[in-house]
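Q: full-length UniProt numbering numbers the first residue of the sequence shown as 1 and each following residue consecutively.
Sending over a structure as structure tokens; questions will come in a sec.
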Amino acid sequence: MTVSRFPRSQTRHAPFFDAIASKSRANTAKCAKESLMDPRCLHRPEEDDNRPGTSQEDPQNIQDREKTKRKCCFSAEEHEILVKEVTEHQHRLFVTSKLPISRRDAIWQQIVDKINSVAEVRRTVIECKKHWHDCKHRTKEKMARNRKAAL
């Protein structure tokens, strides 16, 4: 673990990262009870058969169905690893530094490799960045709602 120039309490992002980490810990217990496969991730061809103009024999429809399959949602363990690793490398990834983009991409690739070591579904750097961005956005919205409600 590397030591940053700034103590964690002095960064302007510290409350945000703490909020994501605590949310992740709270969701881990809840998600552990759920099944490993999210029902939204499963492709159900019987539902597609009810659409007008859909035929299983049509090769174009088969190709379209194969393109629209979704990956499963991030599991609690994958989410936990993502939060832990990004929080650990936050100064090198997000704070404006003179670190080259290639080095930042290498850090993201290391994070993805750690996630893929426990994941059932292979993740890409783009998917992990998007998941991080979405979590960050949702957390900021919740924090704003809580501040507004406290007034």
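Backbone N, C-alpha and C fix where the C-beta goes; we use that ideal spot for every residue, glycine too.
State buried or exposed for Ser86, treating a residue as buried only when at least 16 other CB atoms are found within 10 Å of its CB.
A: The residue asked about is misnamed: residue 86 is Val in this sequence, not Ser. Val86 should be labelled buried.
Q: Which runs of the alpha helix (DSSP H), 4 residues or longer, sit entirely within the UniProt domain "HTH myb-type" (66 to 140)?
A: DSSP runs (the alpha helix (DSSP H)) wholly in the UniProt domain "HTH myb-type" (66 to 140): 76 to 88, 90 to 93, 101 to 118.
Q: With a 10 Å radius around its C-beta and 16 neighbouring C-beta atoms as the bar for buried, classify Ala149 as buried or exposed.
A: Looking at its Cβ environment, which holds fewer than 16 other Cβ atoms inside 10 Å, Ala149 is exposed.
Q: Buried or exposed for Gln126, please, with buried defined as at least 16 other CB atoms from any protein chain shown within 10 angstroms of its CB.
A: Note on residue identity: the sequence assigns Ile, not Gln, to residue 126. Exposed: under 16 other Cβ atoms inside 10 Å.
Q: Do you know offhand how far Glu141's Cα is from Arg122's?
A: The straight-line gap from Cα to Cα measures roughly 29 angstroms.
Q: Of the residues Arg145, Glu120, Met143, Trp108, which one's Cα is nearest the Cα of Cys128?
A: Nearest option by C-alpha distance: Trp108.
Q: Quick check on this structure: which residue in Ala119, Ile111, Arg92, Ala144 has the alpha carbon closest to the alpha carbon of Cys73?
A: When each option's Cα is compared against that of Cys73, the closest is Ala119.
Q: Can you list, in chain order, the residues of its chain with a C-beta nearer than 6 angstroms to that of Asp113? Leave out the 5 residues immediately preceding and following it.
A: Correct list: empty, nothing qualifies.
Q: Would Leu99 and Trp132 be called neighbours here (beta carbons separated by less than 8 angstroms)?
A: Taking 8 angstroms as the Cβ cut-off, Leu99 and Trp132 do not qualify as a contacting pair.
Q: Using 10 angstroms around the beta-carbon of Ala106, count the other beta-carbons present and answer buried if the total reaches 16, otherwise exposed.
A: By the neighbour-count rule (16 or more Cβ atoms within 10 Å), Ala106 is not buried but exposed.
Q: Which value, in whole angstroms, describes the spacing of the CA atoms of His89 and Ile111?
A: Their Cα atoms are separated by approximately 10 angstroms.
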